[in-house]
Each structure stands twice: as C-alpha cells, then as structure tokens.
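Contents: one structure, followed by commentary.
There are 2 protein chains.
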Amino acid sequence: MKRTAFFISDGTGITAGTLGNSLLSQFDGIEFKKVTLPYIDTLEKAHAVALQINAAIEEDQVRPIILDTIVNEDIRACIAQCNGMMIDVFATFIKPLEKELGVHSTYTVGKSHGIQEMNRYKDRIESVNFAIDNDDGARTQQYDRADIILVGVSRSGKTPSCLYMAMQYGIRAANYPFTEEDMALQGLPDSLEPHRAKLYGLTIDPFQLAAIRHERRANSRYASLDQCTLEVRTIERLFRQEQIPYINTTTFSVEEIATRIISEARLVRQI
Amino acid sequence: MKRTAFFISDGTGITAGTLGNSLLSQFDGIEFKKVTLPYIDTLEKAHAVALQINAAIEEDQVRPIILDTIVNEDIRACIAQCNGMMIDVFATFIKPLEKELGVHSTYTVGKSHGIQEMNRYKDRIESVNFAIDNDDGARTQQYDRADIILVGVSRSGKTPSCLYMAMQYGIRAANYPFTEEDMALQGLPDSLEPHRAKLYGLTIDPFQLAAIRHERRANSRYASLDQCTLEVRTIERLFRQEQIPYINTTTFSVEEIATRIISEARLVRQI
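As structure tokens, this is what we get:
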C-alpha cells in the first residue's frame, strides 16, 4: 500500500523532514511517498499546499500523513482543512515547554541569525575549507591544526565523513589515503607519525569497496576484488598493529560514521 | 537563567538534536546548555547518563529538559528516574501513527541500511565528489552534468552551499567564482554561457564579505571594504542584466541558502 507523507514547514523543512523520516522508518512494510514542502509562510502558499494534499488523497484513496512545524495558526488552519492525519510538532511540545520554562515562546518564523549564528557560519565555513584543503593527503603540513585525521584506503568513505563532521559540527577533519607504497612500509608514513593520537581508521567490506571503485574506474585492477581484499586486509592489520581505533563503514550512513567517530574519539562539537 | 537540555538517542542523535534545537530556539530569553548523547543503547550507558543528568540538576538547581528518541523501554525507564522534564518523541507520535497505519511499528534500534540506503550512499558520495571536483571553477567541462551552478564573488558562500546540497540531497552542484577579469566583461564568461539556465547567483552584504575575507587574508586589498563593495555592486548588476536568479546570503545559514535555492530553482532532491 502506498501512502503519501507531507513534511511541511514555514522554514527550511529540515526539522519536519528529519523527524518525519525518523518516525516513518519505524514502519517497515509501508511504502511512503515523501514530499517536503519548505517555506510555506503565506496563506497563498498554504492554499496551494491544500490542493496538492487533496490531489494525493484522490490518487492514493487513503488519507496522507501530514507532519508540520508551521508556527502561524492561520496558515496551519488552512492546511488542516484537508482530510489528512495531521501531526503538529510545535503545538504538541511547545505548550508543555512553556509551562515548564515559565515563559511564552517567541514563535518567530524563519528567524534570521544573530551574532551567535554568524559565528557558527564562520566556524563552519572555516572547517569546511579545512576539510577541502586537507582532503586526500593534499597538505600534510596542516595536520597540527586538525581535530582528527581519518585514514583508510581509497574510497573507504573518508571525504564525505570529513565534510559531514565539518559541516554539521565545525570539526576540523583531515584525511589521508593509504597508497600501496604506504602499506608496503613497516609502520606509519612519516607525515602521520607525529599525529598518531589524532588518527582514526576507516575500513570497509572488500565486496562493497570493489563495487564503489568499479563505478569510478570500471574493470581496473584498482576496482578488482583481489586488489580490494588485499588492501583491506593490509590496512586492518596496520590499524591493529599501530593501535589506531577504526570503524567498519560498510553498513553505516555518512551521518552514522561521523557521529560514531565523534562519540568514540570524544571530539567536541564546535557548533 | 541557565538550563541544561539533554538530547538523547540510541542512534546518531540527529533527530533528537534537530527537533530539540528547533523547539528551544522558540524560547529567546533562556540560555540553554545543550548536551547531545548519542548511542545510548545499553542499560550501562543509561546509568551513566542518569548520573550526568543528576549532576546537571545539582549544578543548575533546576530540572533539565530531556528530549529523547530511545526505543528500548528499559533504557528509557532508567533515564526517566531522574527528575527532568522528559519529552518522549517516539511514544508521543508512534502510537497515533500505528493506529492510523493499522500496523505495529518495528521499533528497531540503529537499523543498518539495506539496498535503498546503499544506493543513497553512492548517490551522495558521487554528488559530494562532483561538488569537490567542480569547486571554484576548477573544471568547467563537467558543467553539462551539473544540476545547478552557483555563481558569485569569492567568499560569498558558494562552496558550503554546494557541499550541503550534495551531502543532504544528492544534488550535483558546481560553482564558479567571478574574478575581476570576469566582471570586466560585457556579459557572461564563455564557459558559463551555454549553461545559462543552470546558473544561480549568491550575493552578500559588503561589510560581511569584508569580515569573512579579512579572516582569510587580513588587511589585503582583497578584504578591503572598497573592493568588496565594488565587487558586490558589479555582480548584482550582472545578475540583473543577465536575468540570473540570486539570493542574498547575509542573514541565512547554509541550510537555509541550500533549501531556498532548491525550492526556488525547483531542483529535485535525489536522496
């Protein structure tokens, strides 16, 4: 059975979408068609949304799930006219919070960021730039400024993990790809040795590595299962021998890899 | 008044953190100390969390806000012993959803990703790689594969916006920085002309641009207010003249810039 789910917001829709996806992922057997509608901040847009919801009801022949974080009551009311199952996130939690905190909420739509947000923006840009500058072992001389250095074979997930840590948490994450030459060494490459305490390893199932590499360079030695198996075995042995903590990324999303590393390496979220 | 807020999860903590930050941002006058505790998936970890919460109560002399997305009832019960204001996100919404959908939720902790998630991972890595490869006008020959090409002066927020779109939505976003030579032209640079329909402009307040550039290259002509003002005026004139849609990034977070562009340029979220 197909079911449409609308995540509706007067802002970016990130909160509604994150919560909605998280809740619906608890229902395995149902196929959801998810529609995120951000910036619904006028009655005119709300009317258009109502039409869209009614069209979905017509098509699905079952009422949709509507999860919203809209603050303005008139806009909500306009959408609530539709025959959907409406989950009102803010109303559910804001009232008890107001009571607990003993103040009224400001309920401000699409707040622009003040000084705190400006600093957050700068921290974030700085750490994203750091991740790009220090991607793929490009500039090992900046490693003393890094919060963490991810190490692993090519295509084991280092770059997206670094960028996610930078973007979401303002962490300065560098990464260093182990080449065949590096792995022929007894021990760590010279450029990594002084930064031993910052190293964190990524490993991956050789089959998956081969599939990922195959998309980059089809039918190459680089993408062959033999080569991938050899590299993964070698790097895992090195991680154990050098006592570098590591994580197997095979079944994890980028979010999970990043948050697990932050948690296990006890990194401090900067933003 | 200081108040501690705990966002607790048996997974990454992203849902709890996103919702928690969003709810608390509605309360302007209160200073929150926010603590995200991911991967609380054993009773042992729950006991440690309870100690941490009790320590916060001792210090703040007021009960904390606890927002959790923990599935396991024993683990929740252990944390619920503390004297906090507990907001149970899943229990609040899962029961009504079960009734609506006519099925029981699977309530699975830290689900590993199946084939769908694997494809999502690949799409995402591919788009992140695309953003890095096509950062800063590096490789204009790939522009025919781009979903969007952000244009603007140096440091106007192009790179983080591209990476955010790639990471969160699997959108292939390239960016092209306008140099002084480009802006001396009548019209668009040759490499952009064929891709006119994909262009989206970023502009920024000259004061903020000067502040950001100052951090990169202090006291340079590049970072001077005169130079920044001149560049911003020139690029905005160009956007209008060439009918390139554009957004002023000054008061927006990276999330907002990215989601607004996606919404206004009607890009399709790929993941």
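Chains A and B are the protein sequences, given in the same order.
Going by my numbering, the first residue of the first sequence is number 823, and it counts up by one from there.
Going by my numbering, the first residue of the second sequence is number 823, and it counts up by one from there.
Glycine included, each C-beta is placed from N, C-alpha and C at the ideal position.
All figures in this text were calculated on a predicted structure; none of them were measured in a lab.
As assigned by DSSP and simplified to three states, the class of residue i
{"i": "N905/A", "result": "coil"}
{"i": "L1007/B", "result": "coil"}
{"i": "G974/B", "result": "strand"}
{"i": "L985/A", "result": "helix"}
{"i": "V1090/A", "result": "coil"}
{"i": "I830/A", "result": "strand"}
{"i": "L1014/B", "result": "coil"}
{"i": "H926/B", "result": "coil"}
{"i": "Q874/B", "result": "helix"}
{"i": "E1078/A", "result": "helix"}
{"i": "Y943/A", "result": "helix"}
{"i": "G1103/A", "result": "Missing from the structure shown is residue 1103/A; chain A here goes from 823 to 1093 and no further."}
{"i": "Y1044/A", "result": "coil"}
{"i": "T962/B", "result": "helix"}
{"i": "Q990/B", "result": "helix"}
{"i": "N956/B", "result": "coil"}
{"i": "R885/B", "result": "coil"}
{"i": "F849/B", "result": "coil"}
Beta-bridge partners of residue i, as assigned by DSSP
{"i": "R825/A", "result": "F854/A"}
{"i": "Y1068/A", "result": "G1023/A"}
{"i": "A996/B", "result": "I971/B"}
{"i": "D910/A", "result": "D890/A"}
{"i": "L859/B", "result": "I830/B"}
Own chain partners of residue i with C-beta closer than 7 angstroms, once the 5 adjacent residues on each side are dropped
{"i": "Q1049/B", "result": "R1043"}
{"i": "D1004/B", "result": "P1011"}
{"i": "Q1063/A", "result": "none"}
{"i": "A868/A", "result": "I862, I897, C900, I901"}
{"i": "E1086/A", "result": "P1067"}
{"i": "A878/B", "result": "T826, P886"}
{"i": "I1034/A", "result": "R977"}
{"i": "L1089/B", "result": "D969, I970, I993"}
{"i": "H1036/A", "result": "A1045"}
Chain-order list of residues whose beta-carbon lies under 6 angstroms from that of residue i (same chain, five-residue window excluded)
{"i": "G936/B", "result": "The pLDDT assigned to G936/B is 45, lower than 50, so where the model puts this residue is not dependable, and the model offers no usable value."}
{"i": "D1027/A", "result": "T1072"}
{"i": "M987/A", "result": "I993, A995, A1080"}
{"i": "E888/A", "result": "The question names Glu, but residue 888/A is Ile in the sequence shown. If we look at I888/A and ignore the five residues flanking it on each side, its Cβ neighbours are F828, G906, M908."}
{"i": "F912/B", "result": "T891"}
{"i": "L770/A", "result": "Here chain A has residues from 823 to 1093 only, and residue 770/A is not among them."}
Range of the contiguous alpha helix (DSSP H) that encloses residue i
{"i": "Q1030/B", "result": "1028-1038"}
{"i": "Q1063/B", "result": "1047-1063"}
{"i": "S844/B", "result": "836-846"}
Cut-off 8 angstroms between Cβ atoms - residues of its own chain near residue i, not counting five sequence neighbours on either side
{"i": "A968/A", "result": "F952, N956, R994, A995, A996, H1017, K1020"}
{"i": "L859/B", "result": "F828, F829, I830, S831, G835, V871, Q874"}
{"i": "Q1008/B", "result": "none"}
With 9 angstroms as the limit, tell me which residues of the region 878-901 of chain A have their beta carbon closer than that to any beta carbon of chain B; keep them in chain order. R885, I887, L889, T891, V893
Residues of the region 849-862 of chain B whose Cβ lies closer than 8 angstroms to any Cβ of chain A, in chain order: F849, D850, G851, I852, T858, P860, Y861
Members of the region 942-976 of chain A near chain B, C-beta cut-off 8 angstroms: R942, Y943, K944, R946, I947, E948, V950, N951, I954, D957
Closer than 7 angstroms, Cβ to Cβ, to anything on chain A: give me those residues from the region 1054-1074 of chain B, in chain order. In summary, the residues of the region 1054-1074 of chain B whose CB is separated from some CB of chain A by less than 7 angstroms are T1073, in the order they occur in the chain.
If you measure beta-carbon to beta-carbon, which residues of the region 980-998 of chain A are closer than 7 angstroms to chain B? T981, P982, L985, Y986, M989
Between the region 1009-1031 of chain A and chain B, which residues of the former have CB atoms less than 9 angstroms from a CB of the latter, in chain order? Q1030
Compile a chain-ordered list of the residues in the region 906-919 of chain A whose CB is closer than 8 angstroms to at least one CB of chain B. Residues M907, I909, V911, F912, T914, F915, I916, P918, L919.
If contact means a Cβ-Cβ distance below 9 angstroms, which residues of the region 1032-1052 of chain A contact chain B? A1033, I1034, E1037, R1038
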